[in-house]
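For any residue, its number in the numbering used here is found by taking its place in the sequence shown, counting from 1, and adding 15.
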Amino acid sequence: MFFKNFTILFSILIISALLLNGCDITASKSGDKYPDIIETLVPICSASDGIVDIDVYSSGPIATSYNRLYFDILENGTENRVAESGLTITPVMDMGHHVHAAPVWQPNPDRDPDSQLFEAAIIPTMPSGDMGSWSLQWDAGNGNAGEPCQMEVMQASDVKVFTAENDERYILTWIHPDSPKTGINDLTLSLHRRESMMSFPEVQDLQLEIRPWMGSMDHGSEGSENPEPSGDGYFEGRVVFNMSGDWQVYVTLIEDGEEIYEVEFELQVE
Ligand SMILES: [Cu+2]
16 MFFKNFTILF SILIISALLL NGCDITASKS GDKYPDIIET LVPICSASDG IVDIDVYSSG
76 PIATSYNRLY FDILENGTEN RVAESGLTIT PVMDMGHHVH AAPVWQPNPD RDPDSQLFEA
136 AIIPTMPSGD MGSWSLQWDA GNGNAGEPCQ MEVMQASDVK VFTAENDERY ILTWIHPDSP
196 KTGINDLTLS LHRRESMMSF PEVQDLQLEI RPWMGSMDHG SEGSENPEPS GDGYFEGRVV
256 FNMSGDWQVY VTLIEDGEEI YEVEFELQVE
């Protein structure tokens, strides 16, 4: 009798252990479930809110351009990875007399199936320097905000901030191609409107027209396709360059059939 009960108890313990392991929401940091992408990323900072610790990475140095960010989130003081999170982020520039935010794509509540990290993106509109400094504020939904991360933002030429003829202020960003080639290039832009200093909703009610132009030789290039909204503030199309060298791409914003602004991007085409 004793042995029989003991065997049953023992079996229950083993089955429980297996079940708990199988549906554990966390996994070990060294587990082979997590690929080596972290090795290829640039560490930005580590911070805590007392409940979770986060490690922030980017795919390269952060610049005034489209920057993808990657977050690893662990239970505070442990190596246990959190599977789901209500993480929201706000890039904030402190300019002394005022602060402002920037366009942001919030992280998904789940880890990306490929990178096994929480992925997001930001477009800082100004470089760090004499004008001010950037931090990444975050809140994982645990009731207290996390310690802000300091971010160094370098100057790039992928972001244009301007007031159009409808008196709205826009942020137009060249995302792809980052190294344009002679021939057909898939094109991705994003467009945001500055609703307030802290709010930059994506724009869907404008049309974009593109015109590649080689100013030094006074010619354009046939076959480009105007970028169309593809969701989440992205616009996708095609841009064609018929030779290598220095090119301009003019992007015209159109509202209800009226041209309201023209932006010029300078590109070096290989
Ligand atoms: Cu600023």
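We treat Cβ as the ideally placed atom computed from N, Cα and C, and that holds for glycine.
Just so you know, these numbers come straight off a predicted model, no measurement behind them.
| said: Going by beta-carbon coordinates alone, are R87 and S148 separated by less than 9 Å? | reply: The sequence given here places Asp at residue 87; Arg does not occur at that position. No, these two residues do not count as a Cβ contact at 9 Å.
| Taking the alpha-carbon positions, what's the F112 to M146 distance? | The amino acid at residue 112 is misidentified as Phe; the sequence shows His. One C-alpha to the other measures close to 10 Å.
| task | Take D261 and list the residues in its own chain whose beta-carbon comes closer than 8 Å to its own, dropping the five residues that flank it on each side. | result | Cβ neighbours of D261 beyond the five flanking positions: M229, G230, S231, E281, L282, Q283 and V284.
| task | Pull up the distance between the alpha-carbon of V97 and that of V168, whole angstroms please. | result | Approximately 28 Å between the Cα atoms of the pair.
| field | Among L56, D125, N200 and S80, nearest to N257 - alpha-carbon criterion | value | Across the set L56, D125, N200 and S80, the C-alpha of N200 shows the shortest separation from the C-alpha of N257.
| message | What does the alpha-carbon distance come out to for the pair E217 and L206? | response | Taking the straight line joining both Cα atoms gives about 6 Å.
| said: As a quick exercise: from I53, I137, T93 and Y265, pick the residue whose alpha carbon is nearest that of N241. | reply: Out of I53, I137, T93 and Y265, Y265 has the C-alpha closest to the C-alpha of N241.
| query | Under the rule that 16 or more other beta-carbon atoms within 10 Å means buried, what is N82, buried or exposed? | reply | N82 is buried by the Cβ-count criterion.
| Could you name the residues, in chain order, whose CB is less than 7 Å away from a heavy atom belonging to ligand 1? | So the residues near ligand 1 by this Cβ test are M108, M110, H115, T140, M141, M146 and G147.
| message | Restricting to Cα atoms, I'd like to know which of E237, L221 and V67 is closest to P227. | response | Closest option to P227, judged by alpha-carbon separation, among E237, L221 and V67: E237.
| So the alpha helix (DSSP H) I53 belongs to, where does it begin and stop? | First-last of the alpha helix (DSSP H) with I53: I52 to T55.
| Taking the C-alpha atoms as reference points, what is the distance between A155 and G198? | Cα to Cα, the separation comes out at about 44 Å.
| Cβ neighbour criterion (16 or more within 10 Å) applied to R209 | By the neighbour-count rule (16 or more Cβ atoms within 10 Å), R209 is buried.
| Whose CA, out of D220, Q263, S259 and G235, lies closest to the CA of G272? | Comparing Cα positions, the closest option is D220.
| message | For the region 181 to 199 against the region 62 to 71, do three or more pairs of beta-carbon atoms, one drawn from each stretch, fall closer than 8 Å, so that the two count as touching? | response | The count of Cβ pairs closer than 8 Å, one atom from the region 181 to 199 and one from the region 62 to 71, stays below three, leaving the stretches out of contact.
| query | Between which two residues does the beta strand (DSSP E) containing G246 stretch? | reply | G246: member of the beta strand (DSSP E) spanning E240 to G246, first to last residue.
| task | Whole angstroms is fine: what's the gap from Q170's alpha carbon to R253's? | result | So the alpha carbons of these two residues sit roughly 26 Å apart.
| message | Whole angstroms are fine: how far does the CA of P58 sit from the CA of D51? | response | Cα to Cα, D51 sits roughly 14 Å from P58.
| Inter-residue spacing [alpha-carbon to alpha-carbon] between I138 and D129 | Taking the straight line from one Cα to the other gives about 23 Å.
| Local Cβ density within 10 Å of P124, reported as buried at 16 or more and exposed below that | By the neighbour-count rule (16 or more Cβ atoms within 10 Å), P124 is not buried but exposed.
| field | Nearest-angstrom Cα separation, counted from F133 out to L89 | value | If you take the alpha carbons of L89 and F133, they lie about 12 Å apart.
| task | Kindly indicate which residue of N157, S150, K175 and V176 has the alpha-carbon position closest to the one of M166. | result | Distance check between M166 and each of N157, S150, K175 and V176 places S150 closest, using alpha-carbon atoms only.
| request: Output yes or no for whether 9 Å exceeds the beta carbon distance between S245 and I225. | output: No, the pair does not count as a contact, with Cβ atoms beyond the cut-off.
| task | Tell me where the beta strand (DSSP E) around I66 begins and ends. | result | Taken as a continuous stretch (DSSP letters only), I66 belongs to no beta strand (DSSP E), as it is neither H nor E.
| What's the C-alpha gap between M213 and V255? | Cα atoms of M213 and V255: separation of roughly 36 Å, rounded to the nearest angstrom.
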